[in-house]
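Protein chains: 2
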Amino acid sequence: MSSERLIVQEVAPRDGLQIEPSWVETADKIALIDGVSALGFSRIEAGSFVSPKAVPMLRDGEAVFQGIARRAGVTYVALVPNLKGAQRALAAGADELNLVLSASQTHNRANMRMSCEQSLASFAEVVQLAKGQAVSLNGTVATTFGCPFEGRIDEGWVFELVQRYLALGMTGITLADTTGMANPRQVARIVRQVLELIPASALTLHFHNTRGLGLSNVLAAYEAGARRFDAALGGLGGCPFAPGASGNICTEDLVNLCAEIGVETGIDLQRLIELSRTLPALLGHDTPGQVAKAGRNCDLHPPPATAG
Amino acid sequence: MSSERLIVQEVAPRDGLQIEPSWVETADKIALIDGVSALGFSRIEAGSFVSPKAVPMLRDGEAVFQGIARRAGVTYVALVPNLKGAQRALAAGADELNLVLSASQTHNRANMRMSCEQSLASFAEVVQLAKGQAVSLNGTVATTFGCPFEGRIDEGWVFELVQRYLALGMTGITLADTTGMANPRQVARIVRQVLELIPASALTLHFHNTRGLGLSNVLAAYEAGARRFDAALGGLGGCPFAPGASGNICTEDLVNLCAEIGVETGIDLQRLIELSRTLPALLGHDTPGQVAKAGRNCDLHPPPATAG
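Printed below as a string of structure tokens:
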């Protein structure tokens, strides 16, 4: 991997859509994933296999995974909370299972109805299930950078969770800023320490732009050595505690940043912008991303007639 | 100045309001400026003295400057395009005149109906007028980081304009990313070079968040040594070429960033958020800032009842 290359994992089909207020048809989800996979992405989080009661918007995970046009070289990831979700995801053909627990015990209980220990025990069952199958396992540490209930999270505890994931046999780790509380100095510090435990190729950073710091945190993580980032087309997603605030960092804003600073993503920015511009019609509302509104820097405008 | 201190110049009353579609009453402008000056700001761009035809929203500059409750220690800045504007601003009692030209000749002709040379010649008249008066002069180089008509701007030309401003006797320089085209690596490079010409105390950076990079650019400039930044409450402002995109970087988002990374601004964040939350009612629309929606990191939420 060149030192000036960054991998974007598209998560709009999962983290982007899950909070949408209106149902998105299975065919539209499939079209979105296929649209993304045509643009140069190597990784797409295509759905989740959680309880349909907890996340009704993603209850059609099986149909989505079975309906997409699989593209060679693209890893299709499924988020799973437990053994049952893992069984469903494997049956549906997911290439990778993304297991999630929160570093905050309070947040984990609120989201998963389990302590962190109970989550890890349930993940051990998933590891057993996955043995010998053509599937990789990624462990996400949610609320790594702060919890809306507990506030700051002890960094030593985050590193311990990373090591527990590694001991279970996970080949990838995601550090997630679930509700947009990270700041760039904290990100740089934590990324540097985690990269003493795992190589950059195994680490993903997941930022939300809830307080406007998403891309600043990407840059801090990138400068600290991280090379893989989650992002959602249009900046979809959101935070239940911040009505109206931004969601995930926006894919096209991230790809534009990379293009401007000379970091390769392998993604076609103009076609990405065009795909993002289809979202408001699909979802019935504006999206928080900026570059889909502003265009690329290289899209110049004619000067007004008075300029002659 | 401590190395971990940053000065925020509030520009909502000028760059924020000038593009608003509906008239804001003079009394409301005055209340906004007085509200800002109570929160710890040392510098406020309170209005402009340009042609009322060009910017009708700010045609009441005299009444605004004469109506505000001047607070000791606050510098009230007026943007002026030429000698006539400078005469009006001085009569109205501005503490500092901010003169603006665009590094892009095409943009300068479009905005000022003059070449850069003609702008500089007109500024020489302003310098003569200001001699012996208790007013300081700041020179802004608009479109420093890119022009929507010309694209990239030659950096050597930007440095030449800075030197021309200094030769004229300006004591402050602003580098402005007028339409949100800057990127953090470019910003760091240009700031480092300009800081070889002037001290950090004389340099202001003016960023727009048009493509989501505003705060990333602030951080890059800060790390390169810059210490003074323009920002607009609520992220007001905008760009005529990017309908719906963000405007100036958002003051409360910037102050929140500083608070989180331990850089002092002297500004009360919570009261700033409360002031920003009055803007939608004043202006009749939502504002792009994030922190006014999300709150501070330290504003914790009760866990849901299921978390027990």
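Going down the list, the protein sequences come from chains A and B. In terms of the working numbering, the first sequence has 362 at position 80, counting the first letter as 1, and numbering is strictly consecutive. In terms of the working numbering, the second sequence has 347 at position 65, counting the first letter as 1, and numbering is strictly consecutive. Beta carbons are placed, not taken as given, at the ideal position from N, Cα and C, and that holds for glycine.
Nearest-angstrom Cα separation, counted from residue j out to residue i
i	j	result
B:R493	A:R341	34 Å
B:N530	B:A513	6 Å
A:V306	A:A574	21 Å
B:A351	B:P525	35 Å
A:Q552	A:T560	13 Å
B:M283	A:E286	Residue placement at B:M283 cannot be trusted, given a pLDDT of 43 that sits under 50; what the coordinates show is reported in the next sentence. Those two C-alpha atoms are separated by around 36 Å.
A:S404	A:C398	10 Å
A:G590	B:N579	Per-residue confidence for A:G590 stands at a pLDDT of 41, beneath the threshold of 50, marking its modelled position as unreliable; no derived number is given.
A:G571	A:L314	17 Å
B:L372	B:Q410	13 Å
A:R370	A:P334	12 Å
B:A249	B:F323	Outside the shown range of chain B (283 to 590) lies residue 249 of chain B, about which nothing can therefore be said.
B:N499	B:V469	6 Å
A:P585	B:H389	7 Å
B:F347	B:L299	15 Å
B:L400	A:G548	What sits at residue 400 of chain B in the sequence shown is Gln, not Leu. So the two alpha carbons sit approximately 45 Å from each other.
Any C-beta of chain A under 8 Å from that of residue i
i	result
B:K335	no
B:V573	yes
B:A524	yes
B:F511	no
B:L288	no
B:L515	no
B:C398	no
B:N579	yes
B:P586	yes
B:S404	no
B:L554	no
B:L551	no
B:L582	yes
Residues bridged to residue i [DSSP beta-bridge criterion]
i	result
A:Y358	A:I326
B:F511	B:V290, B:L487
B:A458	B:H488
B:T422	B:V382, B:T456
B:E546	B:R287
B:N530	B:H490
A:C580	DSSP lists no partner for A:C580.
B:C429	B:G433
Beta-carbon proximity check, residue i vs residue j, cutoff 8 Å
i	j	result
A:T357	A:R395	no
B:L495	B:F511	no
A:C521	A:H490	yes
A:L515	A:S558	yes
A:N465	B:I543	yes
B:H583	A:F441	no
B:T308	B:A360	no
A:E327	A:V382	no
B:L419	B:G451	yes
A:A506	A:R474	yes
B:E432	B:S386	yes
B:V476	B:L457	yes
B:C532	B:G517	yes
A:G428	A:M463	yes
B:I455	B:V444	yes
B:E534	B:L564	no
C-beta neighbour in chain B for residue i, strict 8 Å
i	result
A:T388	yes
A:G329	no
A:A374	no
A:L501	yes
A:S401	no
A:G519	no
A:G529	no
A:A243	Chain A is shown only over 283 to 590; residue 243 of chain A falls outside these bounds and no answer can be derived.
A:A385	no
A:A392	yes
A:G507	no
Within chain D, the residues that residue i reaches when beta carbons sit closer than 7 Å
i	result
A:L497	In the structure shown, chain D cannot be found, because the protein chains are A and B.
Practice item. May I ask you to list, following chain order, the residues of the stretch 354-371 of chain B that have a beta carbon less than 7 Å from some beta carbon of chain A? Key: none
Check your understanding: Mind listing which residues of the stretch 531-547 of chain B have their C-beta closer than 7 Å to chain A's C-betas, in chain order?
Key -> C532, D535, N538, L539, E542, I543
**Study point:** Members of the stretch 457-473 of chain A near chain B, C-beta cut-off 9 Å
**Key:** T461, G462, M463, A464, N465, P466, R467, Q468
Check your understanding: Of all the residues that make up the stretch 557-570 of chain A, which are near chain B by a beta-carbon distance shorter than 8 Å?
Key -> D568
Review point. What are the residues of the stretch 473-494 of chain B that lie near chain A, defined by any Cβ-Cβ distance shorter than 9 Å?
Key: N491, T492, R493, G494
Exercise for review: Scan the stretch 431-442 of chain B for residues whose Cβ lies nearer than 8 Å to a Cβ of chain A and list them as they occur along the chain.
Suggested key: F431, E432, G433
Review point. Going along the chain, which residues of the stretch 287-318 of chain A sit with their C-beta nearer than 8 Å to a C-beta in chain B?
Key: none
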